[in-house]
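Numbering (the working numbering), first residue to last: 32 to 488. I have placed the structure first, in the form of structure tokens, so that the comments after it can refer back to it.
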């Protein structure tokens, strides 16, 4: 059993587990130290040599990613000697690196750019007539593009396919100036988590074909959200931008670190689900396919609620926020309606795996169960109020509150999507998260709570 010990870093004392890596402490405490090859999910590799630190009693600088802490260790990270060592190593990294930051998709979130501003602002001591040339814009498969000239050979991507997905599509071939990342012969990058290598790449060598040249990252705003693709409920960043005279648009989902749910990663299907979220939206209030005013629709709903007051069923989508579900339950009690949330509609055995993909394709299914909601399929009733459940059920009359269009002749009202509102979600492991509102439309669609208030008034 490891015990807590005390070490000193830059004159400040820290408590840390004995035998842990020094670089983990530096990262955790936001002590500035550059690194390319190290990643907390992949472990130490020690090939970039950027994370040099001084350790009292050692004759020469040591790499923090391969140094285990010991009781009483004294570490220096910001001495002039250490800064000079980092500058020299960075210069070697930059010898053959192309100067294409203005056109590089990684600009603005590139570790090499950041480290150059910290350690590289100097006159180079090395002069070469021509840089080594490699292939550019190689399609590796799975929406991943490779620029071999930008690669710093940190090996994060190859270690990801080796240690995390165990699919082994990527490797480093060649020696010296000929060394480069590539796919194995006749084996494209092809696994359900392949696009995570784009997040892992510290430079612009690996980029997303989906996001490539779509938007400059410094224009994007990020909100902390939760992926709605399945019951795992991976933590994500929702990156969006509202251009002048245009509406708020999501440009990508990125994994947000959560050590108890998804770690550093998300599946590719969840990553790309932002597209489906924004396409084919239900934006009009319709009656038998003809647009009507929302106020008229609310009036009709009230009349139908009175007409069928002893024969009403409410169907709940298991992707709604907990606060919305609770509001629906309260409303159902007021009008004496039965409530259902059929969960078999979300079962997808082909989707699930042993990593981050659950066969239950509803992010808040656990809340449905915890609240004791009937998960069976309702029998035919007089009136159904469907709050975005993916299936239609038999009834004499039907009212749909939908985020996306469907082929139906019912009274249909548009509903805000999960990115346009906020609330709590509980995943299949019983872990509750709060998803923030990311998107603020010029003409926002009403939320579940807003509709319920309208029906009460």
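In this text, a Cβ means the ideal position worked out from N, Cα and C, and glycines have one as well.
Check	Outcome
Three-way DSSP call (helix, strand, coil) for residue 284 in this model	strand
Among 180, 176, 152, nearest to residue 163 - alpha-carbon criterion	180
Residues that DSSP places opposite residue 45 in a beta bridge	38
Completely contained alpha helix (DSSP H) runs for the stretch 149–204, where each covers 4 or more residues	187–190
Candidates 353, 157, 242: closest to residue 176 by CA position	242
Contact with chain C by residue 447, beta-carbon distance below 9 Å	Here there is only one protein chain, and chain C is not present.
Ranges of the beta strand (DSSP E) found wholly within the stretch 76–103, counting only runs of at least 3	83–86
Runs of alpha helix (DSSP H) wholly within the stretch 354–411 (minimum 4 residues, chain order)	396–401
Beta-carbon separation (whole angstroms), residue 99 vs residue 51, contact threshold 8 Å	7 Å
Rounded separation between residue 314 and residue 37 - CA only	60 Å
Coil, strand or helix - residue 304 by DSSP	helix
Under 9 Å between C-beta atoms of residue 272 and residue 300	no
9 Å Cβ cutoff met for residue 184 and residue 214	no
Own chain partners of residue 250 with C-beta closer than 6 Å, once the 5 adjacent residues on each side are dropped	272
Short Cβ contact (9 Å threshold) for residue 182 with residue 165	yes
Option nearest residue 128 by Cα separation, candidates 238, 385, 178, 227	178
DSSP three-state assignment for residue 454, whether helix, strand or coil	strand
Beta-carbon proximity check, residue 441 vs residue 476, cutoff 9 Å	no
The stretch 399–414 in contact with the stretch 262–280 per 3-pair CB rule at 8 Å	no
Start-to-end residues for the beta strand (DSSP E) that takes in residue 444	442–445
Residue 471 beta carbon less than 9 Å from that of residue 259	no
Buried versus exposed, by CB contacts within 10 Å (16 or more), residue 211	buried
Residue environment, residue 87, which counts as buried when at least 16 other CB atoms sit within 10 Å	exposed
CA nearest to the CA of residue 158, picked from 227, 139, 132, 125	125
Residue 216 CB to nearest heavy atom of the ligand ATP below 8 Å	Looking for the ligand ATP in the displayed structure turns up nothing, as the structure carries no ligands at all.
Whole-angstrom distance between residue 92 and residue 208, CA atom to CA atom	26 Å
C-beta atoms of residue 143 and residue 233 nearer than 9 Å	yes
Per DSSP, cross-strand counterpart(s) of residue 312	435
Proximity to residue 149 [Cα-Cα], best of 418, 302, 114, 429	114
Terminal residues of the beta strand (DSSP E) in which residue 257 lies	252–257
Integer Cβ distance of residue 389 from residue 263, believed to fall under 8 Å	5 Å
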